Amino acid sequence: MNANVLILIGRILLSIDFIYAGFGKLSNVAGTGGYFASLGLPAPEILPWLVGGFELLAGIAILVGFQTRIAAILLAAFCIATAFIGHAGDVTAILKNFALAGGFVVLAGAGAGAYGLDRQARERRY
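Residue numbers (my numbering): 7 to 132.
Written out as structure tokens, the structure reads:
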């Protein structure tokens, strides 16, 4: 199979979780804020908006291949941080987050591929 098709499939699969999670947080700010408060996180009334917005927008960026390398690096760091902050004690969730971070690191190295907005923007510049 063509490498660009594989990168596109990878982008779709990686983005689904973050688009879904971001939308979920933004749809239930009070519940998300309560969970964040239970973790001892600061500003639980504001943090759901920030985290949910980041997940949703970064997930969409990965999906469409916009600023893919930057979004992938930010999401990799987010996954590592979330593993320890939100999933402390749950080894399966921590390992899942590490695996997602690994996927984002690979995507940051590969870029969006031929089927992303990054390539279209690059072609317009030249």
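Cβ atoms here follow ideal geometry from the backbone N, Cα and C, with glycine treated the same way.
All values reported here derive from a predicted model rather than from experimental measurement.
Find out if the Cβ-Cβ distance for the pair residue i, residue j is shorter than 8 Å.
i   : j    : result
C85 : F110 : yes
P48 : T38  : no
F24 : G65  : yes
L14 : Y121 : yes
A82 : A99  : no
Just to check my reading of the structure: residue i and residue j have Cβ atoms closer than 8 Å, yes? What is that Cβ distance to the nearest angstrom?
i    : j    : result
A116 : D124 : With 8 Å as the limit, A116 and D124 do not qualify as a contact, their Cβ atoms being about 11 Å apart.
Out of the options, point me to the one whose CA is closest to residue i's CA.
i    : options             : result
A114 : F104, I76, T88      : I76
I22  : L62, F42, V35       : L62
S33  : A120, L56, M7       : L56
T88  : E51, N103, V11, S44 : N103
Heavy atom of the ligand MN less than 7 Å from the Cβ of residue i, yes or no?
i   : result
Y26 : This structure lacks the ligand MN, and indeed carries no ligand of any kind.
Point to revise | Inter-stretch contact (C-beta, 8 Å, three-pair minimum) for the region 90-99 and the region 62-79 | key: no
**Study point:** Segments of 4+ residues assigned as alpha helix (DSSP H) that fall wholly inside the region 12-86
**Key:** 35-44, 53-70
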